[in-house]
Structure formats: structure tokens, C-alpha cells
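For the sequence shown, our numbering assigns the number 43 to the initial residue and increments by one for each residue that follows.
The block underneath contains the structure these notes are about, expressed in C-alpha cells.
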Amino acid sequence: MQHPYIPPGIDALDEQPIPRGAGLAAGVAQRLRLAIERRDIAADGNRLPSEAALARTYGVSRPVIREAMSLLKSDGLVISHQGRGQFINPQGSSVFRMEPPLDTEEGLSELFEFLLAVEVPATRLAAQRRSAAELEAIRSAYQRLYQATRDLGDGTDEDEAFHRAIVQASHNQYFIGFANFLDARVRGLIRTARKNTRNRSMELVWQVQREHEAILRAIEDGDPERASAAATAHLNNAASRLALYRE
43 MQHPYIPPGI DALDEQPIPR GAGLAAGVAQ RLRLAIERRD IAADGNRLPS
93 EAALARTYGV SRPVIREAMS LLKSDGLVIS HQGRGQFINP QGSSVFRMEP
143 PLDTEEGLSE LFEFLLAVEV PATRLAAQRR SAAELEAIRS AYQRLYQATR
193 DLGDGTDEDE AFHRAIVQAS HNQYFIGFAN FLDARVRGLI RTARKNTRNR
243 SMELVWQVQR EHEAILRAIE DGDPERASAA ATAHLNNAAS RLALYRE
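Structure below.
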């Protein structure tokens, strides 16, 4: 009996079938990204296994594999060579992705570690570099956030605007550009956190506001050490509040 040909690399995968659902192709694409990062899927020359082999491995149809490949191509991680198949881009993906599993303790922990690495130094620089106009923008954003808090509003947009004004005052284009990227990814997380805080305790709501005020006062005083400490405390407390809501 002739056995089907399995390209080099595919037998290195120890995969379970992807659960069915609306995100089936996205789930396959994520598994493939991880396999590519581990370098245990491609044959010589960075060639990927065939659609048929991948479909057998992941327990899905070939159209699902094609859709997953389209996602990887849109990231620049996979490129096609006419008549030769799909290949890993040797230059790597041209797109940064941030999709931590926010429904797990590990995913939340990693996200907040990342936020600490970005927002704390940006806040420190804002305390050192902010102009008079930038300080006024931070104050104005804080006042709108204060008003939203007092009015028991959602406050998500105001929260983002406050932190965005701070990052803008860092005068570091990398922090500024990346903060814009982060906004879209963490907006739902901020909205959930503020809603849960409001539903659980108004004292917690005002604790969050006091944390924002501490950041503002440190920037007003041009004190980078206090600004760093206030930003760190705010993010650590936010992580603790989210962990509390998940219990």
C-alpha cells in the first residue's frame, strides 16, 4: 500500500485538530505562526507543506487552510512563488501583532508587563520634556476624565485621551507611534476594567482617578521619578483589579 507523501517538516508538528467556530481560519493561522517561529514546519528553502498536508494535520478543510494562508500573507510572513508553493518570508513578518489571550492569567500578566515597559518610560520622559501646551493638553484630558468619572460615564475614551496626551509629551516618535497601535488593542480591556470597577465599588472608581491625578501632578512638577512611580503603581493596580474581577 502506498502511503501519502508528507513533506519534510509537517511530521514535526504535534497538533490537535482546531476547534470549530467562527475563528477557525484565524486559529489555524495562529498555530502556523507559532510553528514558523519554532522553525519546525518548513522544509529546505523555507517551503511550507502543501495545503492537503496542512489540512490533514489540523483537521480542517483545504479552503480553511487557504484562508489561514491569506492571513499570513497579509502579515508578510508567507509569500507565494508561482507554481512552486508557499514559502516563509526569510525577512520575517512586516506586521507586528499583539493578540494576547486576555482570558488567561498568563495572558493578562504578559500584557501588563509589556504596558509597563512602554508607558512608564514614556511618562517619565513626559515629566522631563513636556511643553506648556502639552501640559495644558494633559490637564484638559484629565479634567474630561474627572468629569466622566463624576458623571458615572463610561470614561474609556477620556482615559485613553489622558494617556495619549502624556505619551505625546514624551517627544519620542517610537513611543507615540506604538501608543497609537496599542490604543486599538487595549480599548476593550480598558472599557471592561472601568465598567467592572464602577459596578463593584465607587471607592475603586475614585482610587483609579487618584492614580491618574498622581501621574498628572508629577508631570506638572517636572518630576520624572514620581511620574515613573505613579505610572507603575497605576498599571500594577490595574492588573490587580482585573485579576480580582476574574475570580
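All C-beta atoms in this analysis are idealised placements derived from N, C-alpha and C, irrespective of residue type, glycine included.
By DSSP's assignment, Ile-121 forms a beta bridge with Phe-129.
Distance from Arg-181 to Leu-258 at the Cβ level is roughly 7 Å; contact confirmed, criterion being Cβ atoms closer than 8 Å.
In the three-state scheme derived from DSSP, where H, G and I count as helix and E and B as strand, Arg-81 is classed as coil.
Cβ atoms of Leu-119 and Ile-107 stay farther apart than 8 Å, at about 15 Å. Assigned with DSSP and collapsed to three states, Arg-89 falls in strand. One thing to note: Glu-161 has its Cβ within 8 Å of the Cβ of His-205. Here Ala-175 is not near Ala-260, since their CB atoms are 8 Å or more apart. Ile-78 is not a Cβ neighbour of Pro-91, given a cutoff of 8 Å. At the C-beta level, Glu-267 and Leu-177 stay beyond 8 Å of one another.
Of all alpha-carbon atoms in Gln-251, Arg-166, Ala-183, Asp-201, the one lying nearest the alpha-carbon of Phe-217 is that of Arg-166.
The Cβ neighbour count for Phe-223, taken over all protein chains shown within 10 Å, is under 16; the residue is labelled exposed. Classified as buried, Met-111 has 16 or more neighbouring CB atoms from the shown chains inside 10 Å of its CB.
Asp-201 sits buried, since 16 or more C-beta atoms from the chains shown fall within 10 Å of its C-beta. Check the Cα spacing between Thr-274 and each of Phe-156, Thr-198, Arg-171: the tightest is with Phe-156. Rounded to the nearest whole angstrom, the CA to CA distance from Pro-132 to Leu-66 is 26 Å. Ala-211 sits close to Arg-172, with the two beta carbons spaced by under 8 Å.
Cα atoms of Ala-280 and Gln-72: separation of roughly 28 Å, rounded to the nearest angstrom. In the structure shown, Gly-69 adopts helical secondary structure according to DSSP, grouped into three states.
Of the other Cβ atoms in all chains shown, fewer than 16 fall within 10 Å of the Cβ of His-123; this residue is therefore exposed. In its own chain, leaving out the 5 sequence neighbours on each side, no residue places its CB closer than 7 Å to the CB of Asp-193.
Boundaries of the alpha helix (DSSP H) around Val-209: 198-210. Between the alpha carbons of Ala-164 and Leu-153 lies a distance of about 17 Å. Excluding five sequence positions before and after His-213, the CB atoms of its chain that fall closer than 6 Å to its own CB belong to Arg-171, given in chain order.
Short of 6 Å from the beta carbon of Ala-183, and not among the five residues preceding or following it, lie these beta carbons of its own chain, in chain order: Ala-203, Phe-204, Ala-207. Leu-277 and Leu-158 have their C-alpha atoms some 7 Å from each other.
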